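>
The structure is reproduced here in structure tokens:
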């Protein structure tokens, strides 16, 4: 995964490029580095149910990005949506967002930054972070391990398994196995027999010192909502997406990015990011679409605009979501290009785009500012620049640094 990574020490600002491989590899940014394009290819959409298609790979990436290797030392390969996984190896999830995997008929979601190891015997080991195993009724039973705890998950069951920094393992059952299947079981040192985990209960090796291996959850509904929140895979921040409806299948289709220019202005304790993106419509007909952008946490939109043609720029307006639809329809009926940005949540923004001319590009500008977190006198900023679509034809990035002199 290629990301822009910025470090600041004292009054001097440095600009670095980070590559997530076995660890974060940092090097000085050069013009050549900026010219690197994200070279992942698009694949056809897969069904949300990993077991829906008989010919689907038993293990494959459904959403997100993942690094895999035969051993911890590498070499590492970058996988994205549709890529198959081997039966054994080590896996690392990108730091930006969770990854969803088809796993032997079930759906396995690994959190951002998680590290896993799969054995040929069918055991998946959580080395760091947390995973959520959502088994279909026809899924193959799964064996998960974290630290000194092993969890046996029958078909149909759903379990969250996490390994904390203190090596405390916690397993939460959110759904019981299918009828006729054995219960969810946990084994750990000190247990005379496997502990059964029912929905609404949590198992932890950290409780053994009190002679208790599992406890009922204080609020099962709240825990379920928490798991649903972190397992929701979202588009990676850093690159916007222009989504249109396929005229034949009516399914959502993301347009390829023809041009992506990024400019970063560093002025600790804040940074300004300026995105200039163009999306290509391969169809001969004019289309309507939706531009989506997932901002980093704490970021604020400072400007957005859309080009009507090659030289005419329409400045946008951020308005209330309930007003957006009425204003948009009124502008479209007047045959003018709307530039209305809606805020759908804390981080997600949407702009409806019309018209997107046939076999032409639609150019969108978006600027946002965000605070730089400081630690030990240094500020760090990261902007993911990965796409799983076709290679970006014209990709550039640049930076400007504002150095503050302290007397």
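In the working numbering, the protein residues as written are 770 to 1176. Virtual Cβ for every residue (Gly too), placed ideally from N, Cα, C. Note that the coordinates shown come from a computational prediction; the quantities given were computed from them, not determined experimentally.
(1) What residue does the alpha helix (DSSP H) around residue 989 start on, and which one ends it?
(2) The beta strand (DSSP E) that contains residue 1177, what's its start and end?
(3) Which same chain residues end up closer than 6 Å to residue 957 when comparing Cβ atoms and leaving out the 5 residues on each side of it in sequence?
(4) Are the beta-carbon atoms of residue 831 and residue 869 separated by less than 9 Å?
(5) Is any non-hydrogen atom of the ligand PLP found closer than 8 Å to the C-beta of residue 952, if you look at the structure I gave you?
(6) Which residue from 1051, 900, 1078, 936 puts its Cα closest to that of residue 882?
(7) Per DSSP, what kind of secondary structure is residue 1050 in: helix, strand or coil?
(8) Pair every Cβ in the region 1037-1045 with every Cβ in the region 1116-1124, then say whether three or more of these pairs are closer than 8 Å.
(9) Between which residues of its own chain and residue 814 is the CB-CB distance below 7 Å, once the five residues before and five after are set aside?
(10) Among the candidates 1117, 888, 947, whose CA atom is the shortest distance from the CA of residue 908?
(11) Hey, would you say residue 760 sits closer than 9 Å to residue 904, going by beta carbons?
(12) If you reduce the DSSP assignment to three classes, tell me which class residue 975 lands in.
(13) Could you tell me which of 1148, 1132, 880, 963 sits nearest to residue 1000, measuring between CA atoms?
(14) Does the region 1129-1143 come into contact with the region 1058-1069, if we say contact requires no fewer than three beta-carbon pairs (one atom in each stretch) closer than 8 Å?
(15) When DSSP labels each residue in this structure, what does residue 1096 get in the three-state scheme?
(16) Could you compute how far the alpha carbon of residue 1131 sits from the alpha carbon of residue 842?
(17) Excluding the 5 residues flanking residue 1038 on each side, which residues of the same chain have their C-beta closer than 7 Å to its C-beta?
(18) Indicate the three-state DSSP secondary structure (helix, strand or coil) for residue 1009 in the structure shown.
(19) Cα-Cα, which of 839, 941, 1163, 877 is closest to residue 1048?
(20) Extract the residue ranges of the beta strand (DSSP E) inside the region 1012-1042, only unbroken runs of 3 or more that lie entirely within it.
(21) In the DSSP assignment, the beta strand (DSSP E) including residue 827 goes from what residue to what residue?
(22) Cα-Cα, which of 967, 939, 940 is closest to residue 951?
(23) Tell me the DSSP secondary structure of residue 917 in three-state form.
Reading from the atomic positions:
(1) 989-1000
(2) With the chain covering 770 to 1176 only, the question about residue 1177 has no answer from this structure.
(3) 917, 918, 974
(4) yes
(5) As presented, the structure is devoid of all ligands, the ligand PLP included, so that no description of it is given.
(6) 900
(7) strand
(8) no
(9) Caution is warranted here: a pLDDT of 34 is assigned to residue 814, below 50, making its placement in the model unreliable, and the coordinate value is therefore given only provisionally. Only 1020 meet the Cβ criterion.
(10) 947
(11) Beyond the ends of the chain as shown, which are 770 and 1176, falls residue 760; an answer cannot be given.
(12) helix
(13) 880
(14) yes
(15) Unreliable positioning characterises residue 1096 in this predicted model, as indicated by a pLDDT of 46, which lies under 50. The coordinate reading is nonetheless provided below. It is helical.
(16) 43 Å
(17) 1140, 1141, 1143, 1148
(18) coil
(19) 1163
(20) 1021-1023, 1026-1036
(21) Unbroken run through residue 827: none, as it is neither H nor E.
(22) 967
(23) coil
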